[in-house]
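The structure appears below as structure tokens.
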Ligand SMILES: Cc1cc2nc3c(=O)[nH]c(=O)nc-3n(C[C@H](O)[C@H](O)[C@H](O)COP(=O)(O)O)c2cc1C
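In our numbering, the protein residues as written are 1009 to 1334.
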């Protein structure tokens, strides 16, 4: 998809959509959300598709995939090709779909948020984030919130789509998709990625945003997408995410000290790390999920607080879905 501006009316509301997608999954979600806005004569939409200066491969060669983790985890992204925006543009609302890479926002999205143009564009602006990832997004979103805070943007909504397959199955099906390009499920496991109903259903958020823009509600502090089933947080994954983030950070530091991305000196360390990561996945994730299931009564208050925190601001309520579900 290339950048485009839809035909504005006399005083249209201006919406900026910034995104990046490798398989097209996140572009499809973004496309569904943008369609009702772009079709409205009172709204003009600018879509900025992020392009890394050197494209990331898809599917990813095995070690190349893991070679991306140190810079992803440390949020030291590869640079972008020049943007079509100058920073002088003025938008009423910004929609920022992003995917998670190694428990952090993907490198192209981090590169955008650290770009001087983004600082000018986003200051004081209401931002709606849209996540589509396997299912571990909690700490990536904390990092993204920090980046938005740093440029003075106002996060008013967060919508999250996660792969519908069971967590354990997606540990196999997602790498098969990303590294071998195989999206179809195998060994009785479901297909990798979102399903068609999730992608089509995302249009309800675009319809709700369209109505909110007509009522100037983006100027207020409250969410525009409450009651639409925007996000269900699984706080039980937080412990695994914290263990993963810590190991990405420490090993990432070591690997970055060995050389730049692609350097041969990083490869032996990466192989060692992959083995360590496999051990972590088959031990920490099931052990922490089992312990939490056994100790649920003790964890209940904490889980409820964490769930509420991560579902903020848009929430998991679904009372307005019938209004916008076509
Ligand atoms: C390098 C890399 C690392 C990823 N790490 C995570 C992760 O930590 N958590 C997660 O839920 N999904 C992770 N994913 C899956 C992505 O969030 C996303 O679902 C997938 O890449 C498809 O997105 P696309 O729209 O770019 O094609 C990762 C994908 C890539 C390419």
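Cβ atoms here follow ideal geometry from the backbone N, Cα and C, with glycine treated the same way.
Short Cβ contact (8 Å threshold) for residue 1164 with residue 1138
Position 156 of the chain shown, counted from the start, is the residue given in the question as residue 1164. Position 130 of the chain shown, counted from the start, is the residue given in the question as residue 1138. In this structure, residue 1138 does not lie closer than 8 Å to residue 1164 by Cβ.
Please give me, in chain order, every unbroken run of the beta strand (DSSP E) with length at least 3 that falls completely inside the segment 1032 to 1070.
1051 to 1057
In this structure, what does DSSP give as the bridge partners for residue 1165?
In the chain shown, residue 1165 corresponds to position 157, counting from 1. DSSP lists 1136 as partners of residue 1165.
My understanding is that residue 1038 touches residue 1085, with C-beta atoms under 8 Å, so please give their C-beta distance in whole angstroms.
Here residue 1038 refers to the residue found at position 30 when the chain shown is read from its first residue. Here residue 1085 refers to the residue found at position 77 when the chain shown is read from its first residue. That pair is no contact at about 20 Å.
If residue 1324 sits next to residue 1293, beta carbons under 8 Å apart, how far is it from one beta carbon to the other, in whole angstroms?
Taking the first residue of the chain shown as 1, we reach residue 1324 at position 316. Taking the first residue of the chain shown as 1, we reach residue 1293 at position 285. That belief does not hold up - the Cβ atoms of residue 1324 and residue 1293 are roughly 23 Å apart, past 8 Å.
Can the beta-carbon of residue 1201 be found closer than 8 Å to that of residue 1171?
Residue 1201 sits at position 193 when you count from the first residue of the chain shown. Residue 1171 sits at position 163 when you count from the first residue of the chain shown. For residue 1201 and residue 1171, yes; Cβs fall inside 8 Å.
Alpha carbon to alpha carbon, what distance is there between residue 1082 and residue 1117?
As a working note, residue 1117 is residue 109 in the chain shown. As a working note, residue 1082 is residue 74 in the chain shown. Spanning the two alpha carbons is a distance of roughly 14 Å.
Name the residue from 1280, 1257, 1129 and 1189 whose alpha carbon lies nearest to the alpha carbon of residue 1032.
Against the chain shown, residue 1032 aligns to sequence position 24. Nearest of 1280, 1257, 1129 and 1189 to residue 1032, Cα basis: 1189.
Same chain, Cβ closer than 7 Å to residue 1175, neighbours up to 5 away in sequence not counted
Within the chain shown, residue 1175 is the residue found at index 167, counting from 1. Contacts found: 1143.
What would DSSP say about residue 1026, mapped onto helix, strand or coil?
Start at 1 with the first residue of the chain shown, and residue 1026 comes out as number 18. Residue 1026 falls in the strand class under three-state DSSP.
Run through DSSP, which three-state label would residue 1310 get?
Position 302 of the chain shown holds residue 1310. Helix, per DSSP.
What are the boundary residues of the beta strand (DSSP E) that includes residue 1102?
By one-based count along the chain shown, residue 1102 stands at place 94. Residues 1101 to 1106.
CA-CA distance, residue 1101 and residue 1290?
Residue numbering aside, residue 1101 sits at position 93 when the chain shown is read from its first letter. Residue numbering aside, residue 1290 sits at position 282 when the chain shown is read from its first letter. Going by the C-alpha atoms only, they are around 42 Å apart.
So residue 1252 packs on residue 1297, CB below 8 Å; how close in whole Å?
The count along the chain shown starts at 1 and reaches residue 1252 at position 244. The count along the chain shown starts at 1 and reaches residue 1297 at position 289. About 14 Å separates the two Cβ atoms, so there is no contact after all.
If you draw a straight line from the alpha carbon of residue 1021 to that of residue 1193, how long is it in whole angstroms?
Position 13 of the chain shown, counting from 1, holds the residue named residue 1021. Position 185 of the chain shown, counting from 1, holds the residue named residue 1193. Straight-line Cα distance between these residues: approximately 42 Å.
Within this structure, are the beta carbons of residue 1167 and residue 1233 separated by less than 8 Å?
Taking the first residue of the chain shown as position 1, residue 1167 is located at position 159. Taking the first residue of the chain shown as position 1, residue 1233 is located at position 225. For residue 1167 and residue 1233, yes; Cβs fall inside 8 Å.
Counting Cβ pairs closer than 8 Å, one from the segment 1207 to 1215 and one from the segment 1259 to 1268, do we hit at least three?
When Cβ pairs closer than 8 Å are counted between the two stretches, the segment 1207 to 1215 is seen not to touch the segment 1259 to 1268, the count staying below three.
Any heavy atom of ligand 1 closer than 7 Å to the beta-carbon of residue 1108?
Within the chain shown, numbered from 1, the residue matching residue 1108 stands at position 100. Checking the Cβ of residue 1108 against ligand 1 gives yes.
What residue ranges within the segment 1152 to 1208 form continuous alpha helix (DSSP H) runs of no fewer than 4 residues, ordered along the chain?
1175 to 1188
Looking only at C-alpha atoms, which of 1080, 1073 and 1238 sits nearest to residue 1112?
By one-based count along the chain shown, residue 1112 stands at place 104. Residue 1112 has its Cα closest to that of 1080, out of 1080, 1073 and 1238.
I believe residue 1077 touches residue 1256 by the beta-carbon criterion, under 8 Å. Please report the beta-carbon distance rounded to the nearest angstrom.
As a position in the chain shown, residue 1077 is number 69, starting the count at 1. As a position in the chain shown, residue 1256 is number 248, starting the count at 1. Yes, residue 1077 and residue 1256 are in contact; Cβ-Cβ is about 6 Å, under 8 Å.
Comparing C-alpha positions only, which one of 1281, 1241, 1034 and 1026 sits nearest to residue 1204?
Your numbering for residue 1204 matches position 196 in the chain shown. Nearest of 1281, 1241, 1034 and 1026 to residue 1204, Cα basis: 1034.
Would DSSP call residue 1088 helix, strand or coil?
Walking along the chain shown from the start, residue 1088 turns up at place 80. The answer is strand: DSSP assigns residue 1088 an E or B state.
With a threshold of 8 Å, are at least 3 pairs of Cβ atoms found where one atom belongs to the segment 1237 to 1244 and the other to the segment 1312 to 1328?
The segment 1237 to 1244 makes contact with the segment 1312 to 1328: 3 or more CB pairs, one atom from each, lie closer than 8 Å.
Assess, as a yes-or-no matter, whether the segment 1061 to 1070 is touched by the segment 1178 to 1189 under the definition of 3 or more beta carbon pairs within less than 8 Å.
yes
Cα-Cα separation between residue 1057 and residue 1027, rounded to whole angstroms
Translated into the one-based positions of the chain shown, residue 1057 becomes position 49. Translated into the one-based positions of the chain shown, residue 1027 becomes position 19. If you take the alpha carbons of residue 1057 and residue 1027, they lie about 5 Å apart.
Please classify residue 1308 as buried or exposed, where buried requires at least 16 neighbouring CB atoms within 10 angstroms.
Here residue 1308 is taken as the residue at index 300 of the chain shown, counted from 1. Flag for residue 1308 reads exposed.
If contacts are defined as beta-carbon pairs under 8 Å, then residue 1089 and residue 1059 qualify, I think. What distance do you get, rounded to the angstrom?
Start at 1 with the first residue of the chain shown, and residue 1089 comes out as number 81. Start at 1 with the first residue of the chain shown, and residue 1059 comes out as number 51. That belief holds up - the Cβ atoms of residue 1089 and residue 1059 are roughly 4 Å apart, short of 8 Å.
Considering only the beta carbon of each residue, do residue 1136 and residue 1156 sit closer than 8 Å?
By 1-based counting over the chain shown, the position of residue 1136 is 128. By 1-based counting over the chain shown, the position of residue 1156 is 148. Contact: no.
Are there any heavy atoms of ligand 1 lying less than 7 Å away from the beta-carbon of residue 1033, as far as the coordinates show?
Mapped onto the chain shown, residue 1033 falls at position 25. Yes, Cβ of residue 1033 sits closer than 7 Å to a heavy atom of ligand 1.
In the DSSP assignment, find the unbroken alpha helix (DSSP H) run with residue 1213 in it and report its ends.
One-based indexing of the chain shown puts residue 1213 at position 205. Looking at the DSSP string, the run of the alpha helix (DSSP H) that includes residue 1213 is 1211 to 1222.
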